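Okay, so here's the structure we're looking at.
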Amino acid sequence: MGILNITPDSFYDGAHFLTHDAALKRAMQMVDEGVDLIDIGGESTRPGAPAVPLNEELERVLPIIKALRDVGVPLSIDTHKPEVMRAALAEGADLINDIWGLRQPGALELVQQSACGLCVMHMSGTPQTMQRAPSYQDVVAEVAAFLHVRIAELEAAGIARSRISVDPGFGFGKTLEHNYTLLAHLAQLAPADVPLLIGLSRKSMLGAVIDRPASERAAASIAGAICAAERGAHGIRGKVGELPITPDFVLRLGYVAGKVLAGA
Ligand SMILES: Nc1nc2[nH]c(SCCc3ccc(S(N)(=O)=O)cc3)nc2c(=O)[nH]1
89 MGILNITPDS FYDGAHFLTH DAALKRAMQM VDEGVDLIDI GGESTRPGAP
139 AVPLNEELER VLPIIKALRD VGVPLSIDTH KPEVMRAALA EGADLINDIW
189 GLRQPGALEL VQQSACGLCV MHMSGTPQTM QRAPSYQDVV AEVAAFLHVR
239 IAELEAAGIA RSRISVDPGF GFGKTLEHNY TLLAHLAQLA PADVPLLIGL
289 SRKSMLGAVI DRPASERAAA SIAGAICAAE RGAHGIRGKV GELPITPDFV
339 LRLGYVAGKV LAGA
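Residue numbering for the sequence shown follows our numbering, starting at 89 and increasing by one per position.
Pasting the structure below:
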């Protein structure tokens with residue numbers, strides 16, 4: 089899942105705003121590199137990021153979706169606002185990627201009226217508060233429970249299970265230890281028939297280990313993706329430099345890494 093953030097604090101490539109043309113250029117580059125999906129977001133959800141007004145978010149993402157809808161890969165919209173979901177679907181988005189897991193007012197009703205794919209992510213707190221003091225009795229059990237319950241609630245609301253994928257939300261209300269515990273136990277987080285998406289590319293859980301800024305976490309992002317793919321992740325949200333990270337790519341890389349480490 090390639091990432092296209094149309095936000096001023098674009099997570100790792102500096103504080104410059106992706107212009108419309110630069111965003112399209114990057115999207116085409118990702119397609120050429122073989123991404124399976126492009127995730128488009130108009131509101132940064134990093135810890136402490138300011139909320140973005142509805143109209144500004146719409147102005148950021150709709151022209152990009154319109155320009156990319158025939159690019160040849162499905163598009164997802166990374167938003168929690170039902171109005172943005174609705175407009176993005178109307179412009180041609182295929183999947184809703186909601187860090188709030190469709191818990192905001194109006195989101196469930198919107199999804200009931202559509203047939204798009206869904207990614208439901210776990211988050212504890214809000215982007216403004218989530219990293220203040222994350223705490224769990226058992227982070228694996230609690231994240232797994234949230235995802236299982238959310239799937240059941242969506243199905244009870246008439247949403248086909250086949251539309252749903254889930255995501256543990258690395259960095260969304262988790263300490264470093266919580267993130268790595270979740271990574272180690274990915275296989276326990278979701279039902280076997282529900283695809284598991286993960287997003288750890290360039291995140292602080294990697295920076296804490298290699299002590300490098302976000303712009304220098306490409307190799308760590310691939311290593312993290314290998315771990316996740318080997319522990320059952322079906323989708324990897326993150327594109328690293330020239331390398332689109334997809335599970336089969338990562339598994340092949342993991343195989344090679346294993347051979348190298350084994351001294352073969
Ligand atoms: N499904 C899904 N969607 C996502 N959208 C984002 S945006 C990243 C926001 C962010 C940046 C950096 C840190 S940190 N402090 O851990 O480095 C946390 C959150 N991420 C994800 C993710 O994972 N899944």
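Beta carbons are placed, not taken as given, at the ideal position from N, Cα and C, and that holds for glycine.
Note that this is a predicted model, so its numbers are computed, not measured.
With 16 or more other CB atoms across the displayed protein chains lying within 10 angstroms of its CB, PRO170 is buried. GLY130 counts as buried, since no fewer than 16 other beta carbons sit within 10 angstroms of its beta carbon. For a cut-off of 8 Å, the C-beta gap from ALA278 to LEU271 is around 14 Å, too long to register as a contact.
Annotation: the continuous beta strand (DSSP E) that includes ILE184 extends over 183-186. For ligand 1, no non-hydrogen atom lies closer than 8 Å to the CB of LEU163.
At a threshold of 8 Å, GLY287 counts as near ligand 1, since its beta carbon sits closer than that to one of the ligand's heavy atoms.
With a cutoff of 8 Å, MET293 counts as near ligand 1, since its C-beta is closer than that to a heavy atom of the ligand. Here DSSP, grouped into helix, strand and coil, assigns MET209 to strand.
For ILE128, the closest C-alpha among the options LYS113, ALA313, LEU106, LEU163 is that of LEU163. Taking 8 Å as the cut-off, one finds at least one heavy atom of ligand 1 near enough to the beta carbon of SER132.
Checking the 8 Å criterion, the Cβ of GLY205 is out of range of every heavy atom belonging to ligand 1.
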